[in-house]
Amino acid sequence: LAILTSRAKLPGVAALLRTRWEASSVSLEIAEMLWRLSPTEVTLDLLLKTIPDQKSRFYRRLAGDFHLRRAHITGSAADYTKAISLYEALTKEAPGTDPHLDLLTARAFEQAGHIAEAERRYRVIFARTKSSAVANNLAFLLTNKPNTSAADLQLAETLSKLSQNAAPSDPAVLDTRGWVLLKQGHA
Numbered sequence: 001l002a003i004l005t006s007r008a009k010l011p012g013v014a015a016l017l018r019t020r021w022e023a024s025s026v027s028l029e030i031a032e033m034l035w036r037l038s039p040t041e042v043t044l045d046l047l048l049k050t051i052p053d054q055k056s057r058f059y060r061r062l063a064g065d066f067h068l069r070r071a072h073i074t075g076s077a078a079d080y081t082k083a084i085s086l087y088e089a090l091t092k093e094a095p096g097t098d099p100h101l102d103l104l105t106a107r108a109f110e111q112a113g114h115i116a117e118a119e120r121r122y123r124v125i126f127a128r129t130k131s132s133a134v135a136n137n138l139a140f141l142l143t144n145k146p147n148t149s150a151a152d153l154q155l156a157e158t159l160s161k162l163s164q165n166a167a168p169s170d171p172a173v174l175d176t177r178g179w180v181l182l183k184q185g186h187a
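Each residue of the sequence shown is one higher than the last, beginning at 1 in the numbering used here.
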């Protein structure tokens, strides 16, 4: 799995896996490789319709991804709630073992408008991982939440600098850095 996933840039690997999955959807390893190599709407739809074990952790994760993606399109509170519910259930099974899932859950809370809960989760994840991506998300949230305090802006500045040092040309990081500076009055 790791070897094929690391070769994601090889032409045709995702198409080969998709063809293999469509021929016989029995191996969750193939499904997982396909999702890692080609996380598209087409792949998501195919896997959700054909994974035999719908109680598997992988299926439930995909279902959460589906609801979150649909919520992005429709703005549906029910889809955000469903995605959050699925992600939280997975997190409770193995707490702290999947930082990406923790980050998805925090993002889902943020996008659903549950800013205080999203902030709490971002802070916990950042304390545990020191991830620059989490730092950037937290900095953006702190900068843009209602009634941003001076302390929040100071923390957002620190976090945005950390993110910029880690990824100096990342547009999302540069955007956050710009918002922090603007909110601090450095227009």
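Note that beta-carbon positions come from the ideal geometry of N, C-alpha and C, so glycine has one too.
Distance between residue j and residue i (C-alpha atoms, nearest Å)
i, j, result
"R177", "L37", "31 Å"
"K183", "T148", "9 Å"
"R57", "L162", "33 Å"
"H186", "A135", "21 Å"
"T158", "A133", "13 Å"
"K145", "A83", "22 Å"
"T50", "W35", "13 Å"
"L4", "A77", "Interpretation of L4 is limited by its pLDDT of 46, a score under 50 that renders its predicted location unreliable; no figure is taken from the coordinates."
"F109", "P99", "15 Å"
"L1", "P39", "Reliability fails at L1, whose pLDDT of 41 lies under 50, so the model's placement of it is uncertain and no value is given."
Cutoff 6 Å; reference residue i; Cβ partners in own chain excluding five residues on either side
i, result
"S6", "Residue confidence for S6 is low, a pLDDT of 46 falling below 50, so the modelled location carries little weight; the figure read from the coordinates is stated next. Closer than 6 Å at Cβ, skipping near neighbours: no residue."
"Q164", "V173, R177"
"A71", "D79, Y80"
From the options, residue whose alpha carbon lies closest to that of residue i
i, options, result
"R128", "G96, G185, L142, S85", "G96"
"L90", "R61, E117, P52", "R61"
"A166", "I30, A151, K130", "K130"
"Y122", "G113, D102, A112, A150", "D102"
"I188", "S76, L153, N137", "The requested residue 188 does not occur in the structure, where the chain is confined to residues 1 to 187."
"E88", "T74, E117, G75, I73", "E117"
Start-to-end residues for the alpha helix (DSSP H) that takes in residue i
i, result
"I51", "That residue, I51, is in no alpha helix (DSSP H); it is neither H nor E in DSSP."
"A94", "No alpha helix (DSSP H) contains A94, which DSSP labels as neither H nor E."
"A171", "The residue asked about is misnamed: residue 171 is Pro in this sequence, not Ala. From DSSP, the alpha helix (DSSP H) with P171 extends over 171-183."
"A150", "150-166"
"H114", "Where H114 is concerned, there is no enclosing alpha helix (DSSP H), given that its DSSP letter is neither H nor E."
"S76", "Neither: S76 is in no alpha helix (DSSP H) and is coded neither H nor E."
"T143", "132-144"
Residues near residue i in its chain [Cβ-Cβ closer than 8 Å; skip 5 each side]
i, result
"L86", "R60, R61, A63, G64, H67"
Nonlocal neighbours in the same chain, by C-beta distance under 7 Å from residue i, ignoring five residues either side
i, result
"I73", "none"
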